[in-house]
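Below is one structure, written out as structure tokens, with a few remarks after it.
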Amino acid sequence: MKRVITYGTFDLLHYGHINLLRRAKQQGDYLIVALSTDEFNWKYKQKKCFFDYEKRKHLLEAVRYVDLVIPEHNWEQKFDDVKMYHVDTFLIGDDWEGKFDFLKEYCEVVYLPRTPEVSTTQIKAGIKG
Ligand code: C2G
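The opening residue of the sequence shown carries number -15 in our numbering; numbering runs sequentially from there.
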């Protein structure tokens, strides 16, 4: 069984996220999503989420491509996650191109093109009008 892991905030889940998750699942048989906690988002990514962690987790668990959702508490946990979950492939959007190449000694590292025309920031701006 080929195990894939990806990381993210996935706030205001949209079709760009779904495109990523669909392609991630195509890379293997089992997809783990490490979902950024509210604390991690605020402290390290300066992101204030519209939906809190539990709501974002609930949404992701309803996505057919996702097999397991775990919390992302910090930048450093990727090493441990890859080992603990016997991950074969780490995958993320190419806005992170090159940033996680240090994982290459532990697993395959894949950067996929983002869906260019949609973003959570843009959706939030639209909500504000
Ligand atoms: N994404 C995408 N297309 C978009 C928006 C997002 O393909 N239009 C992808 C991103 O490249 C990422 C995933 O969807 O792979 C989740 O995006 P974010 O929630 O913005 O994740 P981010 O804040 O970049 O967190 O440790 C890594 C970080 O947790 C990644």
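Don't be surprised by glycine CBs; every beta carbon is placed ideally from N, CA and C.
Residue i versus residue j: straight-line alpha-carbon distance, rounded
i	j	result
H(-1)	R98	Note that residue -1 is Tyr in the sequence shown here, rather than His. One C-alpha to the other measures close to 11 Å.
V17	E38	14 Å
I76	Q11	12 Å
T104	Q61	25 Å
C91	D79	20 Å
D85	A46	30 Å
A109	L5	24 Å
H70	K88	14 Å
M(-15)	N3	22 Å
C33	T(-10)	19 Å
E81	K9	19 Å
D64	K112	39 Å
M68	P100	33 Å
E56	G(-8)	8 Å
V66	K31	25 Å
L43	K83	27 Å
Residue i and residue j closer than 8 Å at C-beta
i	j	result
T73	V94	yes
F(-6)	R40	yes
L19	I107	no
D22	D13	no
L96	R7	yes
Minimum Cβ-Cβ distance from residue i to chain B less than 8 Å
i	result
C91	In the structure shown, chain B does not exist; there is a single protein chain.
Near ligand 3: residue i beta-carbon under 7 Å from a heavy atom
i	result
D(-5)	The model on display carries ligand 1 but not ligand 3.
field: Completely contained alpha helix (DSSP H) runs for the region 37 to 68, where each covers 4 or more residues
entry: 37 to 45 and 62 to 68
message: For the pair the region 21 to 33 and the region 47 to 54, tell me if three or more CB-CB distances fall below 8 Å.
response: no
task: Would you list, in sequence order, the uninterrupted beta strand (DSSP E) runs of no fewer than 3 residues that lie entirely inside the region 10 to 39?
output: 14 to 20
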